[in-house]
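Our numbering puts the sequence shown at residues 72 to 384. Beta carbons: idealized from backbone N, C-alpha and C, even for Gly. Model, not experiment: these values are computed from the prediction.
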Amino acid sequence: KMTLPLALVALISAFGSSFQYGYNVSVINSPAPYMQDFYNRTYLERTGVPMDRGFQTLLWSLTVSMFPLGGLFGSLLVWPMVNNCGRKGTLLINNLFSIAAAILMGTSELAKTFEVIILSRVLMGIFAGLASNVVPMFLGEMSPKNLRGAVGVVPQLFITIGILAAQILGLHSILGNAEGKAVAQGLPRAAQGEDFPQLTQCYGLAAGWPVLLGLTGIPSLLQLLTLPFFPESPRHLLIQKGTEEQARRALQRLRGRQDVDDEIQEMYQENLSEKEEGQFSVLSLFTFRGLRWQLISIIVMMAGQQLSGVNGV
């Protein structure tokens, strides 16, 4: 059955990690004109000449493309990190990438440097690459067999919620604007003049795209503060660390009952079967006939999703 600890750890993991993947996929779409204007103004202040249109296009392309590039590096870090640091430990360490990126992006306009935005997109990509692989693994190992399907959809659900949140917060009337240019709801029309930025700041309305980008650190901070109170993956504790007693206590807390011997024995049996069969390499995966059509189907579906350009919409 679904217990409160299991439900909470699923929500905390998905909100603190998967949500941000979706959020950062689309967060720069709405404020793009204001961010590009910031790039141009910063360049003009430094050099005294306007930025060439081709160079501006190159910088913006880098800003967008650094996120998936960082994701590639993050995915390569998954295996060594989950084995050495644990599933929960990896998620906690991963939060540092997000928090650092949020601080850099949130202060980029104040520091008058657009380079940190590009760097931050790499950091967020590494975060997303790790999160998109570790969260499903973590929740799958925490869940009983009959709930793995239901719990398994939670990360994807929070990815789409993150995309939706970024689109809503990115509206011009909320945060998708230049700092001090927020649409003042309820302010008198006389306030819409030269003193408008100062008035919006007094009313707490001035925010703009730096805050929109910096908000990504909040879910990570919440996860960093709350996830340590929940157990590590029982499978990692039992198989990788060899601490059966810790694995048993983790299962007892997650299942809400004391008798967890059947699951302990099941994990031992799964580990024995994996050792007998050996690990699949990437090359053997492509050459194994029994999985050929399943592999082709997955590649076509995933490639089609990415090549459709949905992440840029």
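- Within the same chain, and ignoring the five residues on either side of V80 in sequence, the residues whose Cβ sits closer than 7 Å to its Cβ are M213 and F301.
- K72 carries a coil assignment under DSSP once its states are collapsed to helix, strand and coil.
- DSSP places N165 in the uninterrupted alpha helix (DSSP H) bounded by R158 to G177.
- Look at V187 here: in three-state DSSP terms it is helix.
- Residue burial annotation: S368 is exposed, with fewer than 16 other C-beta atoms found within 10 angstroms of its C-beta.
- Spanning the alpha carbons of S191 and R219 requires a straight line of approximately 34 Å.
- Cβ neighbours of I170 within its own chain (closer than 7 Å, five residues either side excluded): G288, S291 and L292.
- Three or more Cβ pairs closer than 8 Å define a contact, and the segment 179-198 falls short of that threshold against the segment 302-318.
- If you ignore the 5 residues before and after E303, its C-beta comes within less than 8 Å of the C-beta of G157, R158, K159, G160, Q317 and A321, all in its own chain and listed in chain order.
- Look at D108 here: in three-state DSSP terms it is helix.
- When the beta-carbon positions are compared, I188 and G93 stay at least 9 Å from each other.
- Judged by DSSP in its simplified three-state form, G142 adopts helix.
- The beta carbon of G313 sits closer than 8 Å to none of the beta carbons in its chain outside the five residues before and after it.
- When DSSP states are grouped into helix, strand and coil, F301 belongs to the coil group.
- Per DSSP, the continuous alpha helix (DSSP H) segment holding A221 begins and ends at R219 to G223.
- Here DSSP, grouped into helix, strand and coil, assigns V98 to coil.
- With a cutoff of 9 Å on beta-carbon distance, L228 and A85 are scored as near each other.
- Its chain contains G285, T287 and G288 as the residues whose beta carbon lies nearer than 6 Å to that of A173, once the 5 sequence neighbours on both sides are disregarded; these appear in chain order.
- L148 is a Cβ neighbour of G200, given a cutoff of 9 Å.
- Ranked by Cα distance from R326, the first of I99, K216 and T178 is K216.
- Judged by DSSP secondary structure, P121 falls outside any alpha helix (DSSP H); it is assigned neither H nor E.
- One alpha carbon belongs to M372, the other to L378, and they sit about 10 Å apart.
- With respect to A236, N100 sits apart: the two C-beta atoms are not nearer than 9 Å.
- If the five residues before and after V206 are omitted, its C-beta is found closer than 6 Å to the C-beta atoms of S84, S88, S89 and P226, all from its own chain and listed in chain order.
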